[in-house]
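For reference, the structure discussed in these notes is given below.
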Amino acid sequence: MTIHPADTATATPRRKRLSEASLRTALRAMSGAGLTVERVVIRAGEAEILCAPLEREEPPRNDWDLEQW
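So in the numbering used here the end of the sequence shown lands on 1237, straight run, no missing numbers.
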């Protein structure tokens, strides 16, 4: 079986543009998921959405009710 790569000379380039509606949808979805957006960078028709790091809850430490010394 022979696999040939796609012919890039005949492929038509597609332009991707960021729309306000798609950005709002992405931000609402991230907010609904509980993510905090720190910054949105828009350049050359693309958006980069940077979120705050998630805080991990520490599991309760099992110390068998011993007192700290």
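Built from N, CA and C at the ideal position, the CB exists for glycine as well.
Quick one: grab the DSSP three-state call for residue i.
i, result
"residue 1197", "helix"
"residue 1206", "strand"
"residue 1305", "Summary: the structure shown does not reach residue 1305, with the chain confined to residues 1169 through 1237, and so no result is reported for it."
"residue 1222", "coil"
Confirm, please, whether the CB-CB distance from residue j to residue i is below 8 Å.
i, j, result
"residue 1207", "residue 1218", "yes"
"residue 1186", "residue 1215", "yes"
"residue 1209", "residue 1198", "no"
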